[in-house]
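Asker: Counting in full-length UniProt numbering, the sequence shown runs from 1 upward without gaps.
The C-beta atom is built at its ideal place from N, Cα and C for all residues, glycine as well.
Model, not experiment: these values are computed from the prediction.
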Amino acid sequence: MTAQPSAPTPDTDNAALPICVAALYRFTPFANPADLRGPLQDVCTANGVKGILLLASEGINGTIAGPDHGIQAVLAHIRTLPGCADIEVKFSRAPEMPFLRMKVRLKKEIVTMGVEGTDPNHIVGTYVAPAEWNTLLKDPDTILIDTRNDYEVAVGTFEGAIDPQIKTFREFPAWFRQHRKELLAKGRKPRVAMFCTGGIRCEKSTAFAKAEGLDEVYHLQGGILKYLETVPEAESLWRGECFVFDQRVTVGHGLKPGELELCHACRTPITAEDKASPKFETGVSCPHCYGQWDEARRARHAERERQARLAEQRGEAHLGANMAAERARKRQQREEEKRRQQALRQQHTP
């Protein structure tokens, strides 16, 4: 891959938006990912950066947001990690902070597929640059697969893409094995192209397909985000918006914030038509989840929404924004109480 710029480079239309958003990942061996967690959390916190970063023995993955100087500082730190000097970063911008807190988590996989031995550090499909993606898609022998979850596909995808209708990425291997024969039937060459939001799931899915014996496997380098950023809308084969895992909900061509919102009850993207439905109640239900909740659950949803609105009116963050810190505080209290009890027992031991 080519090295990424060390500083955010927003497009002219979005330059006025104050928050820089950086989506990144890198498959690279980390001998001791736990040792990297604390310093990474500290540099994010010190520079006003929020979001989520995942660390595992196979690499790093996540999306962060903050002021330009803060993002530059965090990326400078990440580029010092083993194998991350030329980490790929997709920049976009937002009118306000799209995350509530900063979390650096240790995981078994930076994107969970659950298939032992699937390691993009050792085997992976062929990268296709966004500028060359359309040519591949227009080839009638290309089998195009969207590797994202069903709710992501519902708001936008490429023309002619197959939707596996999976709830989680863990379901993809079973779906692929079940449908492999029909996908490769009808006299077509076994040429498979896959895509996802930022490219990381494609690295795993193409590594899996290669391990399953397919030779001609391709994936979109930089994912949908890089395609929407660099391919002119007039030439684009993308239809709809692209779901992103932050409070922007979706982005469109040029990575401009999209028009969709989230249902706060079921976390499904909703349109203006959904909000006009009699089944929609802010924070309580939408046409996608209406009827799923009993009265007690609906009451909890309504109270959570009321508290969030009150906090917003006071200019405060809702309690949910501080849950990680609150959980950490309670854990510390429990540990201190355990030590106190142990000390008391030792004092009374003859």
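(1) Should residue 198 and residue 223 be called a contact, given that it needs their Cβ atoms to be closer than 7 Å?
(2) Go ahead and label residue 168 buried or exposed: buried means 16 or more other beta carbons lie within 10 angstroms of its beta carbon, across all protein chains shown.
(3) For the pair the stretch 36-52 and the stretch 84-96, tell me if three or more CB-CB distances fall below 8 Å.
(4) Would residue 268 and residue 258 qualify as a contact pair, given that the criterion is a beta-carbon distance under 7 Å?
(5) Taking all protein chains shown into account, decide if residue 297 is buried (16 or more other Cβ within 10 angstroms of its Cβ) or exposed.
(6) Between the alpha carbons of residue 230 and residue 93, how many angstroms are there, rounded?
(7) State buried or exposed for residue 152, treating a residue as buried only when at least 16 other CB atoms are found within 10 Å of its CB.
(8) By Cβ distance below 6 Å, which residues in the same chain neighbour residue 130 in space, the five residues on each side in sequence not counted?
(9) Between the beta-carbon of residue 107 and the beta-carbon of residue 52, is there less than 7 Å?
(10) Within the stretch 255-284, note down every full alpha helix (DSSP H) run reaching 4 residues or more, in order along the chain.
(11) I need the DSSP call for residue 92, collapsed to helix, strand or coil.
(12) Looking at the structure shown, is residue 202 part of a helix, part of a strand, or coil, going by DSSP?
(13) Is it buried or exposed for residue 203, if we count other Cβ within 10 angstroms and need 16 for buried?
(14) Between the stretch 263-278 and the stretch 108-121, do three or more beta carbon pairs fall short of 8 Å?
(15) Is the separation between the beta-carbon of residue 60 and that of residue 26 shorter than 7 Å?
(16) Quick check on residue 32: buried or exposed, where buried means 16 or more other Cβ atoms within 10 Å of its Cβ?
(17) Helix, strand or coil: how does DSSP classify residue 242 here?
(18) May I ask you to report which of helix, strand or coil DSSP gives residue 99?
(19) Give the C-beta separation of residue 220 and residue 195 to the nearest angstrom, bearing in mind that I take them to be a contact with Cβ-Cβ under 8 Å.
(20) For residue 169, which beta-bridge partners are listed by DSSP?
(21) Which residue marks the beginning of the beta strand (DSSP E) containing residue 218, and which one marks its end?
(22) In angstroms with no decimal places, state the Cα-to-Cα distance between residue 279 and residue 292.
(23) Identify which residue in 244, 56, 70, 65 has its Cα closest to the Cα of residue 37.
(24) Would you kindly check if the distance between the Cβ of residue 308 and the Cβ of residue 284 is under 7 Å?
(25) Taking the continuous alpha helix (DSSP H) assigned at residue 134, which residues delimit it?
(26) Apart from the five residues on each side of it in sequence, which residues of its chain come closer than 7 Å, Cβ to Cβ, to residue 205?
(27) By the three-class DSSP mapping on this structure, what secondary structure does residue 42 have?
(28) At the level of alpha carbons, what is the spacing between residue 166 and residue 175?
(29) Distance check for residue 135 and residue 216, CA to CA, integer angstroms please.
Answerer: Here's the rundown:
(1) Looking up residue 198 in the sequence shown gives position 198. Looking up residue 223 in the sequence shown gives position 223. In this structure, residue 198 sits near residue 223, with a CB-CB distance shorter than 7 Å.
(2) Walking along the sequence shown from the start, residue 168 turns up at place 168. Exposed, by the Cβ-count rule.
(3) In short, these stretches do not touch, since the Cβ pair count stays below three.
(4) Here residue 268 refers to the residue found at position 268 of the sequence shown. Here residue 258 refers to the residue found at position 258 of the sequence shown. No, the pair does not count as a contact, with Cβ atoms beyond the cut-off.
(5) Within the sequence shown, the letter at position 297 stands for residue 297. The residue in question, residue 297, is exposed, as its Cβ has fewer than 16 Cβ neighbours within 10 Å.
(6) On the sequence shown, position 230 is the one that residue 230 refers to. On the sequence shown, position 93 is the one that residue 93 refers to. Rounded to the nearest angstrom, the two C-alpha atoms are 15 Å apart.
(7) The sequence position of residue 152 within the sequence shown is 152, counting from 1. Classification of residue 152: buried, given that the 10 Å Cβ count is 16 or more.
(8) The residue given as residue 130 occupies position 130 in the sequence shown. Hits under 6 Å: 226, 227, 230, 231.
(9) The residue given as residue 107 occupies position 107 in the sequence shown. The residue given as residue 52 occupies position 52 in the sequence shown. No, they are not a contact pair.
(10) If only uninterrupted alpha helix (DSSP H) runs of at least 4 residues are considered, those enclosed by the stretch 255-284 are 272-276.
(11) The residue you call residue 92 lines up with position 92 of the sequence shown. In the structure shown, residue 92 sits in a strand (DSSP, three-state: E or B).
(12) As a working note, residue 202 is residue 202 in the sequence shown. Note: residue 202 maps to helix in three-state DSSP.
(13) Residue 203 sits at position 203 when you count from the first residue of the sequence shown. With 16 or more neighbouring CB atoms inside 10 Å of its own CB, residue 203 falls in the buried class.
(14) Counting C-beta pairs closer than 8 Å gives fewer than three between the stretch 263-278 and the stretch 108-121, which falls short of the contact rule.
(15) As a working mapping, residue 60 is identified with position 60 in the sequence shown. As a working mapping, residue 26 is identified with position 26 in the sequence shown. Taking 7 Å as the Cβ cut-off, residue 60 and residue 26 qualify as a contacting pair.
(16) As a first step, residue 32 must be located in the sequence shown, where it is residue number 32. Residue 32 should be labelled exposed.
(17) Locating residue 242 in the sequence shown gives position 242, counting from the first residue. Of the three classes helix, strand and coil, the one that applies to residue 242 here is strand, per DSSP.
(18) To locate residue 99, count along the sequence shown from 1; it is residue 99. In the structure shown, residue 99 sits in coil (DSSP, three-state: anything other than H, G, I, E or B).
(19) Within the sequence shown, numbered from 1, the residue matching residue 220 stands at position 220. Within the sequence shown, numbered from 1, the residue matching residue 195 stands at position 195. Between residue 195 and residue 220 the Cβ distance is about 4 Å, and since that is below 8 Å, they are a contact.
(20) As a working note, residue 169 is residue 169 in the sequence shown. Bridge partners of residue 169: none, in fact.
(21) On the sequence shown, residue 218 is found 218 positions in, with the first residue counted as 1. Counting along the chain, the beta strand (DSSP E) containing residue 218 begins and ends at 216-220.
(22) On the sequence shown, residue 279 is found 279 positions in, with the first residue counted as 1. On the sequence shown, residue 292 is found 292 positions in, with the first residue counted as 1. Going from the Cα of residue 279 to the Cα of residue 292 covers about 12 Å.
(23) Residue mapping note: residue 37 aligns to position 37 of the sequence shown, counting from 1. The option with the nearest alpha carbon to residue 37 is 56.
(24) The residue given as residue 284 occupies position 284 in the sequence shown. The residue given as residue 308 occupies position 308 in the sequence shown. Not in contact: residue 284 and residue 308 (Cβ atoms no closer than 7 Å).
(25) Taking the sequence shown and counting its residues from 1, the one referred to as residue 134 is at position 134. Segment 130-138, the alpha helix (DSSP H) holding residue 134.
(26) Residue 205 sits at position 205 when you count from the first residue of the sequence shown. Excluding five sequence positions before and after residue 205, the CB atoms of its chain that fall closer than 7 Å to its own CB belong to 147, 172, 194, given in chain order.
(27) Position 42 of the sequence shown, counting from 1, holds the residue named residue 42. Secondary structure at residue 42: helix, using DSSP grouped into helix, strand and coil.
(28) Taking the first residue of the sequence shown as 1, we reach residue 166 at position 166. Taking the first residue of the sequence shown as 1, we reach residue 175 at position 175. Between residue 166 and residue 175, the C-alpha separation is close to 8 Å.
(29) Numbered from its first residue, the sequence shown carries residue 216 at position 216. Numbered from its first residue, the sequence shown carries residue 135 at position 135. So the alpha carbons of these two residues sit roughly 16 Å apart.
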